[in-house]
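Residue numbers (numbering that gives the first Met the number 0), protein chains in the order written: chain A, 0 to 363; chain B, 0 to 363.
Accompanying notes for the structure given below.
There are 2 protein chains.
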Amino acid sequence: MAEHDVHALLLTTEPEVRYFTGFLTRFWESPTRPWFVIVPLAGDPIAVIPSIGAHLMGQTWVSDIRTWQSPNYNDDGVSLLADTLKEIVPAQGSVGLADQIESHLRMPLVDLRKLESALGNRKISSDHGITARLRLVKSEAEIDKITTAAGIADRSFDRVPEIVSAGVPLSQVFRDFQRLALEEGADWVPYLAGGAGQGGYGDVISPATDIPLQKGDVLMLDTGLVHDGYFCDFDRNYSIGPPSAGVRQAHHKLIEATQAGFEAARPGATMSDLFHAMNGIANPDAVGSDGGRLGHHLGMQLTEGPSIIPQDHTLLVPGMVLTLEPGVSLPESKIMVHEEDIVITEEGARYLSTPQGTDIRVIG
Amino acid sequence: MAEHDVHALLLTTEPEVRYFTGFLTRFWESPTRPWFVIVPLAGDPIAVIPSIGAHLMGQTWVSDIRTWQSPNYNDDGVSLLADTLKEIVPAQGSVGLADQIESHLRMPLVDLRKLESALGNRKISSDHGITARLRLVKSEAEIDKITTAAGIADRSFDRVPEIVSAGVPLSQVFRDFQRLALEEGADWVPYLAGGAGQGGYGDVISPATDIPLQKGDVLMLDTGLVHDGYFCDFDRNYSIGPPSAGVRQAHHKLIEATQAGFEAARPGATMSDLFHAMNGIANPDAVGSDGGRLGHHLGMQLTEGPSIIPQDHTLLVPGMVLTLEPGVSLPESKIMVHEEDIVITEEGARYLSTPQGTDIRVIG
Numbered sequence: 000m001a002e003h004d005v006h007a008l009l010l011t012t013e014p015e016v017r018y019f020t021g022f023l024t025r026f027w028e029s030p031t032r033p034w035f036v037i038v039p040l041a042g043d044p045i046a047v048i049p050s051i052g053a054h055l056m057g058q059t060w061v062s063d064i065r066t067w068q069s070p071n072y073n074d075d076g077v078s079l080l081a082d083t084l085k086e087i088v089p090a091q092g093s094v095g096l097a098d099q100i101e102s103h104l105r106m107p108l109v110d111l112r113k114l115e116s117a118l119g120n121r122k123i124s125s126d127h128g129i130t131a132r133l134r135l136v137k138s139e140a141e142i143d144k145i146t147t148a149a150g151i152a153d154r155s156f157d158r159v160p161e162i163v164s165a166g167v168p169l170s171q172v173f174r175d176f177q178r179l180a181l182e183e184g185a186d187w188v189p190y191l192a193g194g195a196g197q198g199g200y201g202d203v204i205s206p207a208t209d210i211p212l213q214k215g216d217v218l219m220l221d222t223g224l225v226h227d228g229y230f231c232d233f234d235r236n237y238s239i240g241p242p243s244a245g246v247r248q249a250h251h252k253l254i255e256a257t258q259a260g261f262e263a264a265r266p267g268a269t270m271s272d273l274f275h276a277m278n279g280i281a282n283p284d285a286v287g288s289d290g291g292r293l294g295h296h297l298g299m300q301l302t303e304g305p306s307i308i309p310q311d312h313t314l315l316v317p318g319m320v321l322t323l324e325p326g327v328s329l330p331e332s333k334i335m336v337h338e339e340d341i342v343i344t345e346e347g348a349r350y351l352s353t354p355q356g357t358d359i360r361v362i363g
Numbered sequence: 000m001a002e003h004d005v006h007a008l009l010l011t012t013e014p015e016v017r018y019f020t021g022f023l024t025r026f027w028e029s030p031t032r033p034w035f036v037i038v039p040l041a042g043d044p045i046a047v048i049p050s051i052g053a054h055l056m057g058q059t060w061v062s063d064i065r066t067w068q069s070p071n072y073n074d075d076g077v078s079l080l081a082d083t084l085k086e087i088v089p090a091q092g093s094v095g096l097a098d099q100i101e102s103h104l105r106m107p108l109v110d111l112r113k114l115e116s117a118l119g120n121r122k123i124s125s126d127h128g129i130t131a132r133l134r135l136v137k138s139e140a141e142i143d144k145i146t147t148a149a150g151i152a153d154r155s156f157d158r159v160p161e162i163v164s165a166g167v168p169l170s171q172v173f174r175d176f177q178r179l180a181l182e183e184g185a186d187w188v189p190y191l192a193g194g195a196g197q198g199g200y201g202d203v204i205s206p207a208t209d210i211p212l213q214k215g216d217v218l219m220l221d222t223g224l225v226h227d228g229y230f231c232d233f234d235r236n237y238s239i240g241p242p243s244a245g246v247r248q249a250h251h252k253l254i255e256a257t258q259a260g261f262e263a264a265r266p267g268a269t270m271s272d273l274f275h276a277m278n279g280i281a282n283p284d285a286v287g288s289d290g291g292r293l294g295h296h297l298g299m300q301l302t303e304g305p306s307i308i309p310q311d312h313t314l315l316v317p318g319m320v321l322t323l324e325p326g327v328s329l330p331e332s333k334i335m336v337h338e339e340d341i342v343i344t345e346e347g348a349r350y351l352s353t354p355q356g357t358d359i360r361v362i363g
């Protein structure tokens, strides 16, 4: 912060606020109220939040908690926030706000303009990616939580044969999978996507349809479930009945590509290196899939930057947690995607999810 | 739009995009990629989206779909968006962006600045709340979906005695309740909060702790579950063992307050009227609870504006769907909150959730 002449960070989003305070609630699902935390250049964080959150914030390590009754149509915390910032940011000083890729501002734009005006000769600048950089390398405690989440997903994926057979609608599979994840210990299941189709699926972000599974379908389930505020994010592919030669080969290729990514993943390698290691096997004739990337970091969010793309030259260091997510194209515009979660260690990398064998799982 | 000299709306958030296009995916859980939809003053919407979403967007009614491979660190869709806007917005014209209460911008601030610069003599202005106003009055199809969601929650709440008894940790109750909701037909359960404590709870937004329930606890579960993209949002209170006189009276008061709100809810009444009808019973000596409001609209989001606060003079009209959510204070800084979902009809209002009797539900 000092290097960048930032006198305070202003946080507005769930992961930023939680990272510095430990404030964990699903209440962010309600878009009504803005929440603010200020991290001064020196001293402890200050929470400037709606009064509805005072009791819960009071249970974190934050002791300076300032509240207003929100929603307030005339002044939804802006004056209180401006006054607080004026206390800790000197005249001509600057307040750093996340403004780079993967960020957004969780307050109405009209309130940002009011805040700028109320701050007078103090100005709002970029946070220069400080919070994102801090969050990029995980602590042992964070890695433990992600590992637990991955274990829950592993066990849930192992139980998929209990809930899947030809004739079951995909929407029922999605409901039942979330149930399995809860039974296996997930706190909640913020993300489940997937697809099913003969010899592959059309995309990896669709919600379920009511179409029944049939023999010859490839079913993919991709989950981001949460344990103690931390995500895992990986998928599994299943063949309903014996797989075609094309599907079998595609799965082999995906696992080989993932393993190549895993072997390339070590301190000093770059995200770009991981891309080329995987893409050279999964997709040697083209520059990646429609997804545009073959993996990403994760932790307090389902996906965190940076991304495994050719243009990303971020150096890997121990403690980074990321997904390896190669995809292959199949006939008739179908695709298949595989995903595992890994952590970078001093020696290389370690799988957090249980790495899959080259043979696709077969049900029925 | 014409009244406000807005030549195109620029949409960046999940509910805005879905409202106009039907694009339904849980992939918004990933913050990496921005998504844009342009609604021109005349003509059909145009989607400007990452290529990973092209297949799914292609299944909606939108036919003009322009994609880029995201993430792109140099230009994450900004040029494509600017070029598209320049096609449909005349020079000196303006692009309307949601900037009022309950809104946020789902793209990095640095990209907004780049977009403004690329647009040159076209300017980005407020959307004047146009999308929010459109979304405020629900269609019959939307009301049906919310009604179905509420029915699922009703049945789940009725099954709570299956999963609750003294000695069960609250975290297990939370997991099991989500499982019940899925069994009863929820597509997913984006929101579950609640609390438990002797004679009341401390707040209504906390996640679960591992503390076991005990005799004399009041357990509250508040869920926002989703059916076909639409939320319900209501809670239920349970006494573990016989309730104290204070708890029994508090629940009576909450139900009476809710019913008073229901009776006041008719076309021509205001949100403020609902506040006073409920608060006069629940909290006659003070101006509302810490939550600052006694209900809100809902639909594609868990909470939507406007809010039931004294300052809100929005007139109710048929098709509005809202929650009635009075709260009462109890000794030792405890509270209790009750919530039901209603729709405004020509004649008055109709409950979408099953209204509760005055006696608190007792388990064990």
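Beta carbons are placed, not taken as given, at the ideal position from N, Cα and C, and that holds for glycine.
Quick one: what does DSSP say residue i is sitting in, helix, strand or coil?
i, result
"residue 287 of chain B", "Note that residue 287 of chain B scores a pLDDT of 49, beneath 50, so its modelled location is shaky; the value from the coordinates is reported in the next line. Three-state DSSP puts residue 287 of chain B in coil, outside helix and strand."
"residue 27 of chain B", "helix"
"residue 159 of chain B", "helix"
"residue 115 of chain A", "helix"
"residue 17 of chain A", "helix"
"residue 335 of chain A", "strand"
"residue 0 of chain A", "coil"
"residue 248 of chain B", "helix"
"residue 8 of chain B", "strand"
"residue 32 of chain A", "coil"
"residue 300 of chain B", "coil"
"residue 362 of chain B", "strand"
"residue 71 of chain B", "coil"
"residue 230 of chain A", "strand"
Quick one: list the residues of chain B neighbouring residue i, beta-carbon separation under 7 Å, in chain order.
i, result
"residue 301 of chain A", "28 and 29"
For residue i and chain A, any beta-carbon pair shorter than 9 Å?
i, result
"residue 182 of chain B", "yes"
"residue 315 of chain B", "no"
"residue 71 of chain B", "yes"
"residue 287 of chain B", "Note on residue 287 of chain B: pLDDT 49, under 50, position unreliable in the model; no value is reported."
"residue 98 of chain B", "yes"
"residue 77 of chain B", "no"
"residue 364 of chain B", "There is simply no residue 364 of chain B to check, as chain B begins at 0 and stops at 363 in what is shown."
"residue 345 of chain B", "no"
"residue 55 of chain B", "yes"
"residue 197 of chain B", "no"
I think residue i touches residue j, with their Cβ atoms under 8 Å apart; what is that distance to the nearest whole Å?
i, j, result
"residue 77 of chain A", "residue 117 of chain A", "6 Å"
"residue 226 of chain B", "residue 186 of chain B", "6 Å"
Taking only beta-carbon positions, decide if residue i is within less than 9 Å of chain B.
i, result
"residue 319 of chain A", "no"
"residue 190 of chain A", "yes"
"residue 249 of chain A", "no"
"residue 291 of chain A", "yes"
"residue 156 of chain A", "no"
"residue 51 of chain A", "yes"
"residue 173 of chain A", "yes"
"residue 311 of chain A", "yes"
"residue 17 of chain A", "no"
"residue 88 of chain A", "no"
"residue 161 of chain A", "no"
"residue 104 of chain A", "yes"
"residue 275 of chain A", "no"
Whose Cβ in chain B lies nearer than 8 Å to the Cβ of residue i?
i, result
"residue 24 of chain A", "192, 204, 205 and 206"
Whose Cβ in chain A lies nearer than 9 Å to the Cβ of residue i?
i, result
"residue 109 of chain B", "98, 99, 100, 102 and 125"
inquiry  = Would the stretch 262-274 of chain B count as touching the stretch 292-309 of chain B if we require 3 or more Cβ pairs under 8 Å?
reply    = As far as the Cβ criterion goes, the stretch 262-274 of chain B touches the stretch 292-309 of chain B, which means the pair count is three or higher.
request  = Could you say if the stretch 252-268 of chain A and the stretch 88-99 of chain A meet the contact criterion of at least three C-beta pairs nearer than 8 Å?
outcome  = At 8 Å Cβ cutoff, the stretches do not touch.
task = Give a yes or no on contact between the stretch 290-301 of chain B and the stretch 318-329 of chain B, applying the rule of three or more CB pairs nearer than 8 Å.
result = With the cut-off at 8 Å, the stretch 290-301 of chain B and the stretch 318-329 of chain B touch.
query = Are there three or more Cβ pairs, one per stretch, closer than 8 Å when the stretch 334-342 of chain B is compared with the stretch 176-186 of chain B?
reply = The stretch 334-342 of chain B is not in contact with the stretch 176-186 of chain B.
task = Examine the Cβ distances between the stretch 199-214 of chain A and the stretch 160-170 of chain A and report whether three or more of them are shorter than 8 Å.
result = Yes, the stretch 199-214 of chain A is in contact with the stretch 160-170 of chain A.
ask   = Per the contact definition of three or more C-beta pairs closer than 8 Å, is the stretch 0-11 of chain A in contact with the stretch 35-53 of chain A?
value = Taking a contact to require three or more Cβ pairs closer than 8 Å, the stretch 35-53 of chain A and the stretch 0-11 of chain A qualify as touching.
Validate contact between the stretch 248-256 of chain B and the stretch 347-359 of chain B using beta carbons, cut 8 Å, 3 pairs = Because the criterion of three Cβ pairs below 8 Å is met, the stretch 248-256 of chain B and the stretch 347-359 of chain B touch.
request  = Please confirm if the stretch 142-160 of chain B is in contact with the stretch 216-232 of chain B, defined as three or more CB-CB distances below 8 Å between the two stretches.
outcome  = As far as the Cβ criterion goes, the stretch 142-160 of chain B touches the stretch 216-232 of chain B, which means the pair count is three or higher.
key: Cβ contact (3+ pairs, closer than 8 Å) linking the stretch 99-111 of chain B and the stretch 133-140 of chain B   = With a cut-off of 8 Å, the stretch 133-140 of chain B and the stretch 99-111 of chain B do not count as touching, because too few Cβ pairs lie within range.
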